[in-house]
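A.B. asks: Before we start, here is the structure in question, set down as structure tokens.
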Amino acid sequence: MRNPVLLLVLTLVVATTASAAVVEHTFNVQNLTVTRLCNRQLIIAVNGSFPGPRIRVREGDTLIVHVDNKSPYNLTVHWHGVFQKQSCWADGPNMITQCPILPGKKYTYKFKICGQEGTLWWHAHVSWLRATVHGALIIRPKSGHKYPFPKPHREVTIILGEWWSGNVMDVEDEAVTSGGLPNISDAFTINGWPGDLYPCSQNHMYKLKVETGKTYLLRIVNTALNGQLFYKIANHNLTVVAVDAAYTKPYVTDIIMIAPGQTVDALLVADQDIGSYYMAASPYSTSVGIPYDNTTTRGVVVYDGAPPIAKPLMPTLPAFNDTATAYKFSSSLNGLKDGPHWAQVPKNVDYKMFVTVGLGFTPCEANRTCLGPKGTKLSASMNNQSFVPPKRMSLLQAFYSNVDGIYTTDFPAKPPIEFDYTNATINNYNPAFLFAPKVTKVTKLKFNTTVEMVLQNTAIIGVENHPMHLHGSNFHVLAQGFGNYNPSKHREMFNLVDPQIRNTIGVPAGGWAVIRFTADNPGVWIMHCHLDAHLTYGLGSVFIVENGPTPETTLPLPPVDLPNC
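Counting with mature numbering (1 follows the signal peptide of the UniProt record, and there is no 0), you get residues -20 to -1, 1 to 545 for the letters of the sequence shown.
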């Protein structure tokens, strides 16, 4: 007689296996000539497209991407927001989990998409190449599973970007060499197009055609290097249903503030009069006296049946420094408790960190002229430690092979000096705070350690909203606010029931945010500012998570074709 329990188990195993697929892509990374802002320009792109190819998978699938680097630059690819459970070697940040793929070389990334669905993205993680080497990574529910909201008529990817009329690698090199600020971008873009407010761009504008009464799921990604953006569609509300591939309680708004690295999934209902309506994105910037790209990109939403000569309505966008609007959006979101892939807030904290994030200086080299303030070079730091990646071996390889001399494990859990962090009057040009040492320090964590981290903005060189991105894990955003974090007062604000879950948090300008996560993913994971200029200056730190007690919680062997340094 057949065992019914055994038959049930076998049926479940077969069904689970059948629902997962192997999705395979090839990325040919090479020069591409495009025309933008009246100029023909050479960029680095993937498969001849800008933005790069959109990858679609389902939760549970295995993704394989063969990268052929035909560009003249070193390259890695990061799968932004993917947990990389048991696949830390595929995470992609240069000199953190791998050495770069050299020009003319190839490398294959292979990993499984587990326990997450929604909108993520991929991008180059060497220097500023991600300005043009990026694309969306769409994770749909497993077959037979539904969204926790009504199925939309159509899904639409909206990639917000930033454009330079010049070689972005040269822009970065000039800033690093001079120690000054990088040249600001010349335009923002929607799906690669700047829109009709820019020169020679009347026909270089993204158009979204909609049908009256239909609902559209907008998968919005901010791929800009340094531009935090307000996004709005004239006369339309948006219902936010997910951020960073984590579902939220539906939140109705007429405006979205999205920082570099973040994603927002929002439902758009075509419920207005037949006509044309601009969608637009403009910068959010809080740094006083620091230049920024104060331009606006726009596309257009066109209803089916709209007259071709109809002039689109333009939305009213916030002022560039409207922190109140930015904060209202970022602090009004809640996680979808008990929804798909919901993770409860860890109640017990094993390791507490108070981490300052901000800008500073580094001394100019002898016999050099530097363009930073008072003849210095700009720098950035966390807890007064300015991160420098290793040069001869990746941190992951050094950890795995137990190689000494590559890093130290003494990153401080609190700043070396306590001060009035957000008081610009006191802190400006105070030598005690200005100069952070250049180091390769990490935090080493036992497997399953729960970390609570206060991220505190500083006003050493002006306050700024810093989008901080954690690799290898999501985190709960327990609270955020302005001024200096005060545990006796601000812990009362903690949301331990249904906080939003993210992989990238915009630490409010002149303020703080508290996050909590469990280090249950063995490997080496960087946390860094997703404003690329600030990462270049050293605004990053690294967690090393030790192996757990089982093979499933142990760092696997490195791939045989892992690039060498």
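For each residue, glycine too, the CB sits at the ideal point set by N, CA and C.
1) Go ahead and pull the three-state DSSP assignment for residue 448.
2) Since I believe residue 226 is in contact with residue 315 (beta carbons under 8 Å), could you give me their beta-carbon distance rounded to a whole number of angstroms?
3) Let me know if residue 371 comes out buried or exposed under the rule of 16 or more other beta-carbons within 10 Å of its beta-carbon.
4) Tell me, to the nearest whole angstrom, how far the beta carbon of residue 236 is from that of residue 309; I am working on the premise that it is less than 8 Å.
5) Hey, out of 503, 296, 63 and 502, whose CA is closest to residue 215's CA?
6) Count the other CB atoms within 10 Å of the CB of residue 123; is the residue buried (16 or more) or exposed (fewer)?
7) Checking 7 Å against the spacing of the C-beta atoms, do residue 282 and residue 189 come in under that value?
8) Do you know whose CA, among 151, 169, 170 and 168, lies nearest residue 161's CA?
9) Kindly identify the DSSP beta-bridge partner or partners of residue 44.
10) Could you check which residue in 10, 294 and 3 has the C-alpha nearest to that of residue 112?
11) Can you tell me which residues form a DSSP beta bridge with residue 314?
12) Taking residue 430 and residue 328 to be in contact with their CB atoms under 8 Å, please state how far apart those CB atoms are, rounded to whole angstroms.
13) Since residue 546 contacts residue 53 with CB under 8 Å, what's their CB separation in whole angstroms?
14) According to DSSP, which residues form a beta bridge with residue 348?
15) In three-state DSSP terms, what is residue 377?
16) Can the beta-carbon of residue 549 be found closer than 7 Å to that of residue 93?
17) Enumerated in chain order, which unbroken segments of the beta strand (DSSP E) with a length of 3 residues or greater are wholly contained in the stretch 12 to 67?
18) Report yes if the C-beta distance between residue 217 and residue 242 is below 7 Å; otherwise report no.
19) Between which residues of its own chain and residue -1 is the CB-CB distance below 6 Å, once the five residues before and five after are set aside?
20) Using the Cα positions of residue 31 and residue 25, report the straight-line distance between them to the nearest angstrom.
21) In this structure, how does DSSP classify residue 260 when only helix, strand and coil are distinguished?
22) Consult DSSP for residue 530 and reduce its assignment to one of helix, strand or coil.
23) Determine which residues share a DSSP beta bridge with residue 425 and list them.
24) For the ligand HEM, any of its heavy atoms closer than 6 Å to the Cβ of residue 430?
25) Below 7 Å between beta carbons: does that hold for residue 143 and residue 117?
26) Let me know the secondary structure DSSP gives residue 295 once reduced to three states.
27) With DSSP run on the structure shown, which of helix, strand or coil describes residue 112?
28) Excluding the five sequence neighbours on either side, which residues of its own chain have a C-beta within less than 8 Å of the C-beta of residue 8, listed in chain order?
29) Exposed or buried, which one is residue 65 when buried takes at least 16 other CB atoms within 10 Å?
30) Which residue comes first and which comes last in the beta strand (DSSP E) that contains residue 413?
31) Are the CB atoms of residue 337 and residue 470 within a distance shorter than 7 Å?
32) Looking only at C-alpha atoms, which of 520, 462, 289 and 543 sits nearest to residue 304?
C.D. replies: Answer, in terms of the structure:
1) strand
2) 7 Å
3) exposed
4) 6 Å
5) 296
6) exposed
7) yes
8) 151
9) 4 and 90
10) 10
11) 479
12) 6 Å
13) Nothing can be reported for residue 546, as the shown portion of the chain is limited to -20 through 545.
14) According to DSSP, residue 348 bridges with nothing at all.
15) helix
16) There is no way to answer for residue 549, as the model of the chain reaches only from -20 to 545.
17) 19 to 26, 35 to 38, 42 to 49 and 57 to 60
18) no
19) 40 and 41
20) 8 Å
21) strand
22) coil
23) 525
24) Among the ligands in the structure shown, none appear at all, so the ligand HEM cannot be discussed.
25) no
26) coil
27) coil
28) 26, 27, 28, 48 and 50
29) buried
30) Premise fails: residue 413 lies in the alpha helix (DSSP H), 411 to 414, not in any beta strand (DSSP E).
31) no
32) 462
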